[in-house]
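Trainee: Numbering-wise (my numbering), the sequence shown opens with residue 1 and increments by one.
Using N, Cα and C, we set each Cβ at its ideal position, and we do this for glycine too.
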Amino acid sequence: MDSIKRLRLSEFVSGLIAAGSVVFTAEEAVRALGISHGAFLDAAERLQRRKQLLSPRRGFYVVVHPQFATWGAPPPSWYIDALMQREGSAYYVGLLKAAELHGASHQAIMEFQVLGAKRMPRIRAGRSIIAFYYRGNMEAVGAGIEDYKTDTGSMKISSPALTALDLLRYPQASGGIDHIASVLSDLAPGIHPVRLAGLSARLERPIVQRLGSLLSLIGHEEQAKPMLDTLRGRGPLSWAEFEPQQAHGRFQAPARARRDPRWRVIIRREPQPDA
């Protein structure tokens, strides 16, 4: 009986591959195979041990196509949209991963970075690590989310403008200010200034101030100027730290800081882009 169950699940998985699909849920398989949930779990466990199936979240399964057998899983881009739909969470692929997809990357990206409206733990899927970052105001950044074509359909990613803002909003996930400066130097030409200004009107002002100051420092004033006009229209600006951790004493800061009067940013250390 067990061998029959394995064969039927194997056939089900093979049928998915033939149809160009890589994901399914436990409920879908139980209905298709006409077996109990327990019998399905037994069969699925066997396929997982044979590295033919992956379950990144309970009840959600990813078929490991033979071409990715040594990786242990297909790329997250093949199934992230289906996974987040299963979780019922708005999302987009962002930060350094989005920058890479937009052609701006100076180092190998170690994480597949996803921002979403739901708090989720990191997932190790074969050689990949999917890292989730919580964003509570997804509606505010809707204009900066784009569809990106993948080998199995599409996924949501941040536009160059939203990516730039997020790099400053999540600096630790972005490799710190020096690496951010390097990435922005490649990303900036693809940023639409007016779209950047529109997004900045709905985000935290210190983030906007830091990004504007950094864009100016690396020679992309054209992208930053409309954002400055929008920022000034929101009322008087308080001074913002360029690197908040510097002000909080986590790193040794120079005795004298420089002030950027246009963006009202306190710069305690000049950014040093990666070589």
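With 16 as the cutoff for other CB atoms within 10 Å, does glycine 116 come out buried or exposed?
Mentor: Glycine 116 should be labelled buried.
Trainee: Assign glycine 153 to one of three DSSP states: helix, strand, or coil.
Mentor: Note: glycine 153 maps to strand in three-state DSSP.
Trainee: Starting from arginine 258, follow the beta strand (DSSP E) in both directions and report where the run begins and ends.
Mentor: It spans 258-260 - the beta strand (DSSP E) in which arginine 258 sits, taken as one unbroken run.
Trainee: Take every Cβ of the segment 100-109, pair it with every Cβ of the segment 83-92, and state whether three or more of those distances are shorter than 8 angstroms.
Mentor: Contact fails: fewer than three Cβ-Cβ distances are below 8 angstroms.
Trainee: Counting only runs of 4+ residues fully inside the segment 209-252, write out the alpha helix (DSSP H) ranges in chain order.
Mentor: Segments of the alpha helix (DSSP H) lying fully in the segment 209-252: 221-232, 244-247.
Trainee: Can you name the start and end residues of the alpha helix (DSSP H) that serine 185 belongs to?
Mentor: Serine 185 -> alpha helix (DSSP H) spans 176-187.
Trainee: Name the two residues that bound the continuous alpha helix (DSSP H) containing glycine 38.
Mentor: Per DSSP, glycine 38 belongs to the alpha helix (DSSP H) from 37-49.
Trainee: Does DSSP classify serine 128 as helix, strand or coil?
Mentor: Of the three classes helix, strand and coil, the one that applies to serine 128 here is strand, per DSSP.
Trainee: Can you tell me whether leucine 16 is buried or exposed, with buried defined as 16 or more other CB within 10 angstroms of its CB?
Mentor: By the 10 Å Cβ count, leucine 16 comes out buried.
Trainee: Any idea which residues DSSP pairs leucine 116 with across the strands?
Mentor: Before going further, note that residue 116 is glycine rather than leucine in the sequence given. Paired residues: Tyr91, Tyr134.
Trainee: Among residues of its own chain, excluding the 5 on either side of isoleucine 109, which ones have a beta-carbon nearer than 6 angstroms to its beta-carbon?
Mentor: Excluding sequence neighbours, isoleucine 109 sits near Leu96, Lys97, Glu100.
Trainee: Return the first residue and the last residue of the alpha helix (DSSP H) that proline 160 is part of.
Mentor: Unbroken alpha helix (DSSP H) run through proline 160: 160-169.
Trainee: What is the DSSP secondary structure of serine 55, reduced to helix, strand or coil?
Mentor: Correct three-state label for serine 55: strand.
Trainee: Is glutamate 146 helix, strand or coil when you go by DSSP?
Mentor: Of the three classes helix, strand and coil, the one that applies to glutamate 146 here is strand, per DSSP.
Trainee: Can you grab the Cα-Cα spacing for the pair glycine 233 / phenylalanine 12, in whole Å?
Mentor: Going by the C-alpha atoms only, they are around 58 angstroms apart.
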